[in-house]
Structures are given as C-alpha cells and as structure tokens.
Amino acid sequence: GNSVTQMEGPVTLSEEAFLTINCTYTATGYPSLFWYVQYPGEGLQLLLKATKADDKGSNKGFEATYRKETTSFHLEKGSVQVSDSAVYFCALPSGTYKYIFGTGTRLKVLA
Amino acid sequence: NAGVTQTPKFQVLKTGQSMTLQCAQDMNHNSMYWYRQDPGMGLRLIYYSASEGTTDKGEVPNGYNVSRLNKREFSLRLESAAPSQTSVYFCASSDRGQGVRPQHFGDGTRLSIL
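Below, the structure is given as structure tokens:
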C-alpha cells in the first residue's frame, strides 16, 4: 500500500534562513500529494498540494515539487519567519477514501 | 464560515467513564474521519465514514465506536475510557470519492484520562 516518510525534527532555524523538509513516498501510480501545517493548539490546515508529476504546489512562500523520478515532495521556503513555527505533515491518499500522513516535522524559527 | 466544529475542546475523564466527542461540518462533504494524534506518531485513523449511512474501521478502532448521525455530523464514543486513550482527537471531512480532495480539520479535542 501507499506510504510516506518525512524527516524527523525538530528543525530549528534562524529567521530568514532557507527551509527544506524532506518527504518521500511509496505509491501505486501517481497520486495527489499534500503538505499540511499545524499551528500550536489548532488542527491541520492544507498548505499546498500537487495533483500530478512535475507539478509545483505553492502557498505563503512555501513550495513543493512533485518529482516522480525520486518519489519525493520536499517542502521549501526561501526565508522563514517566526510565524512559520509549526508542525508540517506530508500526506497522500490511500485507496478511495483514506489518507496517509507522515509523522510530522516540528519547525522552530528563532528571531 | 465554520468549517469543521468539534466539541468539547478539552475534557478530563476518570478511567471507566464514557463520553461522546461531537463533530459537525458545514461544507456538504460526503466523507468524515476521526483521528488521534499522539507525540511522535503523527495522525492515526480511528474510524471513517465514506458517506452518510456507512462507517468503517481505520488503523486503531479498538475501544471506540462511531455514529454518522446525518451528512453533517459524525460522533466518536468512548464506552469505557482507559489511560491509553489520552490523546488529541481530530475530526476531518472531505469530498473523497469525488476525485482526490484535501481534508478539512477541526481544532481538536484534548482528552485526558486519569
């Protein structure tokens, strides 16, 4: 079945640093891929998505490119802010109705 | 625009007590889900309802029951709470089954069982 692996955290960066959070997947075919963000005390929110190979999803300065050759969907941001401190989850669908989530990567950005 | 609403937000129970977590969505989504989130383990699916009138077990269903009351509401019941069920519970909804759509999450219920 489908699976997803993302890098363990926590990741601690200084403000304006470059961010990469790695995500690799195993899947049948080319499923849609998602990144969600969870701010403290809140539920998960969709951050961005890509629906087919070579697509680039982007939102709020974050980007991720669907790379079928390396089965990866790494999350990047050129200049992080303190407000980006959160937990980030990579996810993909599994079967007709279910989803699989990575274990989450906690990001802490220091001023 | 409420989205997915969960009640209560916090709850403390004693071992053996029962309670029901409520979830309602106003986006006319067909599918609804219950997850639990524990440190270092990400999200684990407890139960889901692909459409009104159907429910199915997820990864960790033991100790829980669910009811899809109507298209909007999906409740999770703990019949006899155990300390191992201390967790943060999230309800989500989506239009899965109508193509691949993202999930929308509530803000969670933080449940402690003493």
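Each protein sequence line maps, in turn, to chains Z and U. All letters in the first sequence, in the order written, are residues 12 to 122 by the numbering used here. All letters in the second sequence, in the order written, are residues 116 to 229 by the numbering used here. Quick reminder that beta carbons are idealized off the backbone N, C-alpha and C, glycines included. Values in this document were obtained by computation on a predicted structure and should not be read as measured data.
Cut-off 8 Å between Cβ atoms - residues of its own chain near residue i, not counting five sequence neighbours on either side
| i | result |
| --- | --- |
| P21 (chain Z) | T116, R117, L118 and K119 |
| R187 (chain U) | A139, Q140 and D141 |
| L229 (chain U) | V127, L128, K129, T130 and P198 |
| A165 (chain U) | N145, S146, D171, R211 and G212 |
Residue i: first and last residue of the uninterrupted beta strand (DSSP E) it sits in
| i | result |
| --- | --- |
| V181 (chain U) | Y179 to R183 |
| S166 (chain U) | Premise fails: S166 (chain U) is in no beta strand (DSSP E) and is neither H nor E. |
| F45 (chain Z) | L44 to Q49 |
| V120 (chain Z) | T116 to L121 |
| M18 (chain Z) | Note, M18 (chain Z): premise wrong, no beta strand (DSSP E); not H, not E. |
| S146 (chain U) | S146 to Q152 |
| Q121 (chain U) | V119 to T122 |
| Q126 (chain U) | F125 to L128 |
| L226 (chain U) | T224 to I228 |
Residue i burial status per 10 Å Cβ neighbour count (16 or more: buried)
| i | result |
| --- | --- |
| S133 (chain U) | exposed |
| Y162 (chain U) | buried |
| L55 (chain Z) | buried |
| Q17 (chain Z) | buried |
| Q218 (chain U) | buried |
| F100 (chain Z) | buried |
| R183 (chain U) | buried |
| A122 (chain Z) | exposed |
| V93 (chain Z) | exposed |
| A196 (chain U) | buried |
Identified DSSP bridge partners for residue i
| i | result |
| --- | --- |
| M134 (chain U) | U:L193 |
| P104 (chain Z) | Z:Y110 |
| E87 (chain Z) | Z:T31 and Z:E74 |
| Y41 (chain Z) | Answer is none; Y41 (chain Z) lacks a bridge partner. |
| G68 (chain Z) | Z:A75 |
| S209 (chain U) | U:S146 |
Span separating the alpha-carbon of residue i from that of residue j
| i | j | result |
| --- | --- | --- |
| M147 (chain U) | K71 (chain Z) | 27 Å |
| S208 (chain U) | K124 (chain U) | 18 Å |
| S96 (chain Z) | Y50 (chain Z) | 7 Å |
| L57 (chain Z) | P176 (chain U) | 25 Å |
| F15 (chain Z) | N185 (chain U) | Strictly speaking, residue 15 (chain Z) in this sequence is Val, with Phe absent from that position. About 32 Å. |
| T39 (chain Z) | A102 (chain Z) | 14 Å |
| F189 (chain U) | S83 (chain Z) | 34 Å |
| V48 (chain Z) | G173 (chain U) | 23 Å |
| Q200 (chain U) | E80 (chain Z) | 40 Å |
| L59 (chain Z) | A75 (chain Z) | 8 Å |
| L160 (chain U) | L30 (chain Z) | 29 Å |
| R78 (chain Z) | L226 (chain U) | 39 Å |
Any chain C beta carbon closer than 8 Å to residue i
| i | result |
| --- | --- |
| T35 (chain Z) | Included in the structure are the protein chains Z and U, with no chain C among them. |
Chain-order list of residues whose beta-carbon lies under 7 Å from that of residue i (same chain, five-residue window excluded)
| i | result |
| --- | --- |
| A117 (chain U) | D141 |
Proximity test, residue i beta-carbon vs the ligand ATP heavy atom, cut-off 7 Å
| i | result |
| --- | --- |
| F84 (chain Z) | This structure lacks the ligand ATP, and indeed carries no ligand of any kind. |
Cut-off 6 Å between Cβ atoms - residues of its own chain near residue i, not counting five sequence neighbours on either side
| i | result |
| --- | --- |
| D153 (chain U) | S202 |
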